């Protein structure tokens, strides 16, 4: 199950501006199937410099919250669901989501990383094809 909003809202009810409350949206993902293997150390995985650069910390606690462009959800969810990336997509695959999905499905680490490389290549070809169509 994937539940997400397309935008946030200020305390005053505004939702078309550029404040943090208006541009941030929540994302919740739940599955009956295991999403990650038990032996995967998520704390270590999410402490990588690449992810740390995209993380923010809430005032309430020190757990990192990864901040992602909403447009990146389209290719990521498409590939996780076994669907083609939509033609007009301009987002990029979220590698860490694919890695967790592949490891949770039983792939070993080298195979998961290889599949992520293939997904990124597929995504790059798709975006390039879209841009070429509209550049002509």
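In the numbering used here, the protein residues as written are 500 to 635.
The beta-carbon is built from N, C-alpha and C at its ideal position, and this holds for glycine as well.
None of these values were measured; they are calculated from a predicted model.
| query | result |
| --- | --- |
| For residue 531 and residue 634, I'd like the C-alpha separation in whole angstroms. | 43 Å |
| Where does residue 616 fall in DSSP's three states? | helix |
| Measuring only the C-alpha atoms, how far is residue 614 from residue 574? | 14 Å |
| Among residues of its own chain, excluding the 5 on either side of residue 597, which ones have a beta-carbon nearer than 8 Å to its beta-carbon? | 575, 578, 579, 611, 614, 615, 618 |
| Who are the near neighbours of residue 513 in its chain, counting only those whose CB is closer than 7 Å to its CB and skipping five residues on each side? | 521 |
| What does a CB cutoff of less than 7 Å around residue 632 pick up in its chain, not counting 5 residues either side in sequence? | none |
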